[in-house]
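> Submitted below is the structure of interest, expressed as structure tokens.
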Amino acid sequence: MRIGFIGLGIMGRPMALNLLRGGHQLTVWARRAESMQPLLDAGASGAASPAALAAQADLVISMVADAPDVEQVMLGENGVAGSGRTGLVAVDMSTIRPAAARAIASRLLASGIDFLDAPVSGGEVGAVAGTLSIMVGGSSAAFDTAQPAFACMGGNIVHVGDSGAGQVAKAANQIVTGVGVLTVAEALNFAARSGVDPARVREALLGGFAYSKILENHGQRMLDRNFKPGFKSWMHQKDMNIVMQSAHELGLCLPVSAATAQMFNAMVGSGLGEEDSIAILKLLERLSGGEG
Ligand code: NAP
């Protein structure tokens with residue numbers, strides 16, 4: 496299939512590489528031209544704009560940051576909608592507000608483009624391995640068109656429902672992972688400040704009901720004090736804001752998410768925004784009178 500890929504950051508680069516490895520004909524575009532180089536070296540073609548990329552594709556995928564970025568590459572000047580390619584399927588795999596995804600879908604439909612929201616979970620490791628969990632909202636016809644591309648990037652691919660449903664699933668995912676990373680950091684900081692080796696505590700917890708992938712993977716990185724992103728803290732702040740904004744719109748009580756969102760606000764305010772979300776451990780250490 497002829498696929499166009501927009502946004503070649505921590506996640507987008509390995510996802511695009513897996514599409515190439517899957518035998519698809521790939522064209523890429525990135526805001527900073529140097530981001531395209533690893534893909535061009537691997538055999539992709541480069542395009543001058545999202546519109547030019549869409550003009551030579553059957554499927555366009557974006558992996559950028561937030562809703563205004565998706566709007567810009569899909570609907571802005573020289574965006575995908577300007578390609579004049581009716582019948583095209585466009586897929587956004589970034590994490591954005593469900594309401595924003597629905598609005599983008601209806602505006603693209605007016606240009607004859609079918610849009611899927613298809614955010615992912617699994618982090619950089621899952622993107623490199625091609626084992627991401629992909630949560631999809633939109634029409635069944637567009638889902639069927641995108642399926643061969645999804646199969647190159649993901650392991651668990653679920654068509655959750657209509658437009659926006661993928662982003663609702665992703666927001667739910669971010670509740671679990673946001674709260675999870677905070678609780679693992681709390682537990683390890685608690686062990687350390689109680690004078691017990693947190694590595695041994697993690698090992699003990701891994702065999703019981705406290706087991707989680709977050710305890711296993713993020714817990715180990717906390718012990719290694721490896722704060723290189725991964726998943727930047729400001730991105731998790733963005734995602735908790737999506738959760739809280741949706742809760743506000745729906746009149747929902749999400750007390751644990753609210754507390755977690757405040758912690759991610761504090762991370763950005765403390766200058767930890769560009770570090771991995773596991774640097775929440777540093778914030779807890781500082782708040783507990785430690786060095787952090
Ligand atoms: P990243 O490394 O910062 O990459 C984002 C890329 O999007 C950058 O290359 C950036 O270009 C590009 N971009 C942003 N705004 C743009 C715009 N307006 N126009 C054109 N390009 C734009 O972030 P990431 O970690 O790959 O995350 C990407 C998305 O996936 C986010 O929505 C995030 O929430 C989600 N996500 C991330 C993870 C993870 O573990 N990292 C896991 C699941 C989901 P420049 O290089 O020019 O800045």
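Whatever position you read off the sequence shown (first residue = 1), add 495 for the working numbering.
Backbone N, C-alpha and C fix where the C-beta goes; we use that ideal spot for every residue, glycine too.
Values in this document were obtained by computation on a predicted structure and should not be read as measured data.
The alpha helix (DSSP H) with R688 in it runs from where to where?
Within the sequence shown, numbered from 1, the residue matching residue 688 stands at position 193. That run of the alpha helix (DSSP H) goes 660-688.
> Expressed to the nearest angstrom, what Euclidean distance is found between the alpha-carbon atoms of A605 and I599?
Here residue 605 refers to the residue found at position 110 when the sequence shown is read from its first residue. Here residue 599 refers to the residue found at position 104 when the sequence shown is read from its first residue. Near 10 Å, if we compare the C-alpha coordinates of I599 and A605.
> Residue ranges of each alpha helix (DSSP H) run of no fewer than 4 residues wholly in the stretch 612-644, ordered along the chain?
For the stretch 612-644, whole alpha helix (DSSP H) runs of length 4 or above, ordered along the chain, are 618-624.
> Cutting at 6 Å between CB atoms, please list the residues of its own chain near L683, excluding the five before and the five after it.
Taking the sequence shown and counting its residues from 1, the one referred to as residue 683 is at position 188. Taken in chain order, the residues that qualify are P693, M717.
> With DSSP as the reference, identify every bridge partner of H731, one or two as the case may be.
Within the sequence shown, numbered from 1, the residue matching residue 731 stands at position 236. Looking at the DSSP assignment, H731 forms no beta bridge with any residue, so it has no partner.
> Indicate the three-state DSSP secondary structure (helix, strand or coil) for I775 in the structure shown.
In the sequence shown, residue 775 corresponds to position 280, counting from 1. Helix, per DSSP.
> Can the beta-carbon of I591 be found closer than 8 Å to that of Q662?
Position 96 of the sequence shown holds residue 591. Position 167 of the sequence shown holds residue 662. Taking 8 Å as the Cβ cut-off, I591 and Q662 qualify as a contacting pair.
> Which residue from L535, V738, V763 puts its Cα closest to that of L515?
Numbered from its first residue, the sequence shown carries residue 515 at position 20. Comparing Cα-Cα distances from L515 to each of L535, V738, V763, the minimum goes to L535.
> Is it the case that the stretch 572-582 contacts the stretch 644-664, given that we only count it when at least three CB pairs across the two stretches are under 8 Å?
As far as the Cβ criterion goes, the stretch 644-664 does not touch the stretch 572-582, which means the pair count is below three.
> Determine the DSSP secondary structure at I737, reduced to helix, strand or coil.
Mapped onto the sequence shown, residue 737 falls at position 242. I737 falls in the helix class under three-state DSSP.
> Would you mind giving the Cβ-Cβ distance between V555 and G499, rounded to the nearest angstrom? I have them listed as a contact below 8 Å.
What you label residue 555 is simply residue 60 of the sequence shown in a count that begins at 1. What you label residue 499 is simply residue 4 of the sequence shown in a count that begins at 1. Confirmed, about 4 Å.
> Note down, one range per segment and in chain order, each alpha helix (DSSP H) of at least 4 residues found wholly within the stretch 510-578.
532-536, 545-550, 562-570, all fully within the stretch 510-578.
> Is D734 near Q669, with beta carbons less than 8 Å apart?
Residue 734 sits at position 239 when you count from the first residue of the sequence shown. Residue 669 sits at position 174 when you count from the first residue of the sequence shown. Contact flag set, yes.
> S772 and S728: beta carbons closer than 8 Å?
Residue mapping note: residue 772 aligns to position 277 of the sequence shown, counting from 1. Residue mapping note: residue 728 aligns to position 233 of the sequence shown, counting from 1. Yes, Cβ-Cβ distance for S772 and S728 is below 8 Å.
> Between R527, L779, G582, which lies nearest to T640 when the distance is taken from Cα to Cα?
For the purposes of this step, residue 640 is taken as residue 145 along the sequence shown, with counting starting at 1. Nearest option by C-alpha distance: G582.
> Please go through the same chain and pick out, in chain order, the residues whose beta-carbon is closer than 6 Å to the beta-carbon of A686, but skip the five residues on each side of it.
As a working mapping, residue 686 is identified with position 191 in the sequence shown. Once the five neighbours on either side are set aside, the close Cβ partners of A686 are P693, V696.
> Determine the extent of the beta strand (DSSP E) in which A594 is found, giving its start and end residues.
Working through the sequence shown from its first residue, we reach residue 594 at position 99. Element bounds for A594: not the beta strand (DSSP E) but the alpha helix (DSSP H), 593-604.
> Which value, in whole angstroms, describes the spacing of the CA atoms of F610 and G507?
As a first step, residue 610 must be located in the sequence shown, where it is residue number 115. As a first step, residue 507 must be located in the sequence shown, where it is residue number 12. The straight-line gap from Cα to Cα measures roughly 18 Å.
> Going by DSSP, what residue range makes up the beta strand (DSSP E) through F500?
Indexing the sequence shown from 1 puts residue 500 at position 5. Per DSSP, F500 belongs to the beta strand (DSSP E) from 497-501.
> Buried or exposed, going by whether 16 or more other CB atoms sit within 10 Å of the CB of L779?
Numbered from its first residue, the sequence shown carries residue 779 at position 284. L779 should be labelled buried.
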